[in-house]
Amino acid sequence: MSLSVWMEKVRVSRRTRAIARFKKKIKTKFGQGEERLRAIDFFKTLANQEGFLGLLERYMINAEPSIKDEEEKENVFRILTGFGSDVIPAVEEYINRKDAANVPITWPLKVLDAVAEPEQAVTVVIRALERLGTRYMREPERKVLLISQLAEYDDARVVPALKPFLRDHRDEVQLEALSAIARKPDDTARDAMLDLLVEEDTSVRLRASVAEVLKNLGWTVKGYRKKVEEVLPEGLHIDRAGRIKGRWALMPSEDLGEES
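Numbering (my numbering), first residue to last: 123 to 382.
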C-alpha cells in the first residue's frame, strides 16, 4: 500500500468517526448546548450530503429549555436553506429512514418547502407516502404530517395520491386525507369518498365527516343514493337533486361545516 493511499484511508476513517461523534453530540438534550453548537458548526463546515444529514439530526430531539431548543432549530433551518436545493436529497433520505416512525419531520418538511420548487416538493412527499402505504402504523403522525404538507400544493398529482389514504388503517390518517381532499376542487375523489361512506366497517364519525365534505362541496350521491340513504347519520338527508343536506345530530360545534 502506498503512503498516499494509507493517508487517505486514515483521513476517511477519522472523518467517519468524527461524523458519528458529532451526530451523538447534536442530539444532547440537556446542558447549555455547547456540544450541540459545536456539532452544528462541524456539519455546516462539511457543506455536503453528510453535513446536511448531520444537521437534520438536530430535529430528532427537543432540548431544554424550550426557548433555546426553538432558537437552535431555527438556526439549523437557516443554515440548511442557505444551501438551497442541494439539501433536497438529504431531506428526502431523512424522512424515509428505516427508523422513520420515530423521526420528527415537521422541520425537515419546512426546509423542503423553502428550498424546493413546488413540483419537486410534491414528488418528494408523494414518494414518502407511497413508501409508507396504507398499512397500519402505531404512530400515525408521520402520515398525517405528509398528507397535510401535500395538501398545501396546487398540483394535479395531489388528489390521486391522497385517495388511497381514505382507506388507511388509522382514523387519524383517513380524516386528514379527507380534510385535504376537501380543499381541492377535484371531483375525481367523489366515488372514493362515497365508497368509504357506505362501507360497512366505516365508523359513524368518519361516515358523518365524509357526508359533511360531500355536502359542503355540493357533490351528488348519483349512483349511490340507496346505499347512502341506508347509512346516513342522524340529521342528514338527501334532497331531490341528490345532494346531502342537514347536519349530523352529534357533530361537535367546533367541527360544524357550512350551514345548510
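For every residue, glycine included, the Cβ atom is placed at its ideal position computed from N, Cα and C.
Looking at the DSSP output, Leu358 shares a beta bridge with Gly368. A buried status is given to Ile201, since no fewer than 16 other beta-carbon atoms sit within 10 Å of its beta-carbon. The Cβ neighbour count for Leu272, taken over all protein chains shown within 10 Å, is at least 16; the residue is labelled buried.
For Thr228, the secondary structure class from DSSP, reduced to helix, strand or coil, is helix. Look at Thr203 here: in three-state DSSP terms it is helix.
At the C-beta level, Ala302 and Leu316 stay beyond 7 Å of one another. For Thr310, the secondary structure class from DSSP, reduced to helix, strand or coil, is helix. Contact check for Glu192 against Phe152 fails: the beta carbons are separated by 7 Å or more. In this chain, Arg260 is not harboured by any alpha helix (DSSP H), its DSSP state being neither H nor E.
Under the three-pair Cβ rule at 8 Å, the segment 231-239 does not count as touching the segment 248-265. Each residue's CA atom was taken as its position, placing Asn197 and Arg369 some 47 Å apart. Around the Cβ of Lys337, a 10 Å sphere holds 16 or more other Cβ atoms; the residue is buried.
Residue state for Thr138 is assigned as helix, using DSSP reduced to three classes. The residue from Arg289, Asp221, Ala212 with its alpha-carbon nearest to that of Val237 is Ala212. Along the segment 270-325, the alpha helix (DSSP H) occurs as fully enclosed runs of 4 or more residues at 280-284, 293-304, 312-320, listed in sequence order. Under DSSP, Thr342 takes part in a beta bridge, and its partners are Arg365. Sixteen is the threshold: when 16 or more other Cβ atoms of the shown chains lie within 10 Å of the Cβ of Val280, as they do, the residue is buried. Gly155 and Phe174 have their C-alpha atoms roughly 19 Å apart.
By the beta-carbon neighbour count (other beta carbons within 10 angstroms, threshold 16), Gly176 is buried.
In this structure Lys220 does not touch Met182 by the C-beta definition: roughly 14 Å separates them, more than the 8 Å allowed.
Apart from sequence neighbours up to five positions away, the residues of its chain that approach Leu267 with a beta-carbon distance below 7 Å are Ile227, Thr228, Leu231, ordered along the chain. In the DSSP annotation of this structure, the continuous segment of the alpha helix (DSSP H) that includes Asp163 starts and ends at 156-168. For Ala243, the enclosing alpha helix (DSSP H) stretches over residues 240-254. The C-beta of Arg158 has 16 or more other C-beta atoms within 10 Å across all chains shown, which makes the residue buried. Here the alpha carbons of Asp208 and His291 stand approximately 35 Å from one another. Close CB contacts of Trp341 within its chain, under the 7 Å cut and outside five residues either way in sequence, are with Asp309, Arg312 (chain order). Secondary structure of Met373 (DSSP, three-state): coil.
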